[in-house]
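Numbering (the numbering used here), first residue to last: 58 to 187. A short write-up of the structure that comes next.
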């Protein structure tokens, strides 16, 4: 295990027609530089910043998730969207371009750790109770 994530799920207080945000903290629990990349099943619905990067040994990185405004509430407030955080040992010289282009390809998948995150909707102030 290279990184831990807090909290372990993404919680959005759902409100119609409003952009919503939440964030997580990635903790590098190793003595190595660690590269990470965030993937999702719904790329058009979310903006993730940063969606890739390098964390120093024993360092942290905060990642912000922004959900685009939704026109209708999901049935039963259930969300099927998922995120996966991929991580792999890197070097101090690793750049975001290296991460995007070649570090997480199928051919080079040895040593890659993945952590899955689910998305949870909570009723916001203006949302009807389920």
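Beta carbons: idealized from backbone N, C-alpha and C, even for Gly.
Only residues of its own chain outside the window of five on either side were considered, and among them 121, 122 and 123 have a CB closer than 7 Å to the CB of residue 78, listed in chain order.
Distance from the CA atom of residue 75 to the CA atom of residue 129, rounded to whole angstroms, is 11 Å.
Taking all protein chains in view, the Cβ of residue 67 is crowded by 16 or more other Cβ atoms within 10 Å, so the residue is classified as buried. Following the DSSP letters along the chain, one finds residue 109 inside the beta strand (DSSP E) bounded by residues 109 to 112. Between residue 145 and residue 168, the C-beta spacing is below 7 Å. Inclusion of residue 118 and residue 176 in the CB contact set at 7 Å is not warranted, their separation being larger than that value. For residue 92, the enclosing beta strand (DSSP E) begins and ends at 90 to 97.
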